[in-house]
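If you use the numbering used here, the sequence shown corresponds to residues 1493 to 1707, in order.
Below: the structure, in structure tokens.
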Amino acid sequence: MATRKRPARRSVPEGSAPEPRDESLDALRDAARDCKRCPLWKPATQTVFGEGPDDARVLVVGEQPGDREDLSGHPFVGPAGKLFDRALAELGIDRAGLYVTNAVKHFKFERRGKARLHKSPNASEQRACRLWLEGELARIRPAVVVCLGAIAARNVLGPAFRVTRQRGTWQELADGTRVFATVHPSAVLRARGGDEARRLAYRDFVADLALLLDL
Ligand code: SF4
1493 MATRKRPARR SVPEGSAPEP RDESLDALRD AARDCKRCPL WKPATQTVFG
1543 EGPDDARVLV VGEQPGDRED LSGHPFVGPA GKLFDRALAE LGIDRAGLYV
1593 TNAVKHFKFE RRGKARLHKS PNASEQRACR LWLEGELARI RPAVVVCLGA
1643 IAARNVLGPA FRVTRQRGTW QELADGTRVF ATVHPSAVLR ARGGDEARRL
1693 AYRDFVADLA LLLDL
């Protein structure tokens, strides 16, 4: 995937974001490009907004873009995204039909030598960014939301939700949207205990995603 240069930014005061020019998803995406509602925009290369059909029945939410996503401008294109693609392919699900996004739209990291290591967004960064996820949900109005990882799940299902205990079970939002959560694919890649532990973590991840076959 081609690496994009950092796009020119509109002048937006710190702590704010431009108003979308209209109610469309494209306008929301354009506005998010220049968001400065939290400090994460500064060290990152660019906003990584969601991608997929704007009438998708399934909206998938991850945590935040990673290193590859930050450079390319596309969600779920790094190692975790590849694992997600593999799991979908095993289930016969075409990712092109899904809308895929993140709870937080800029990559948060710390530098270690040349590497940029993932850091989890804090509560205030998640709160600032929720505007964009809420905007995506309101415009796409999916029948089903899939949360990948605890941060996605808490942003959609509330702070009491526990992925460890409640993963792979159908939940329902107040408006009737069906939701389930599973682990983030990066947790499968990082599973401790060697190849067998990773194989089991992957098997459970695919089993959770298989709920999509209920649709
Ligand atoms: S992480 Fe979200 S709220 Fe913070 S600057 Fe980026 S788009 Fe805006």
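Where a beta carbon is used, it is the ideal one built from N, C-alpha and C, also for glycine.
Note that the structure is a prediction, hence the values are computed from the model and not measured.
Rounded to whole angstroms, the gap between the alpha carbons of Ser1612 and Val1637 is 21 Å. Below 8 Å, enough C-beta pairs join the stretch 1622 to 1641 and the stretch 1666 to 1680 to call them touching: three or more. Scanning its chain for C-beta atoms nearer than 8 Å, with the 5 sequence neighbours on each side dropped, one finds around Glu1543 the residues His1566, Pro1567, Tyr1591, Val1592, Thr1593, in chain order.
Every beta strand (DSSP E) stretch that sits fully inside the stretch 1609 to 1659 and reaches 3 residues is listed by chain position as 1636 to 1640. If you draw a straight line from the Cα of Phe1672 to the Cα of Arg1603, it comes to about 34 Å. Gln1618 is a Cβ neighbour of Ala1595, given a cutoff of 8 Å. Under the three-state reduction of DSSP, Leu1551 is assigned to strand. As summarised for the stretch 1664 to 1692, the continuous beta strand (DSSP E) elements at least 3 residues long and confined to that stretch are 1670 to 1674, given in chain order. Asn1647 counts as buried, since at least 16 other C-beta atoms from the protein chains shown sit within 10 angstroms of its C-beta. Where Phe1576 is concerned, the enclosing alpha helix (DSSP H) starts and stops at 1571 to 1583.
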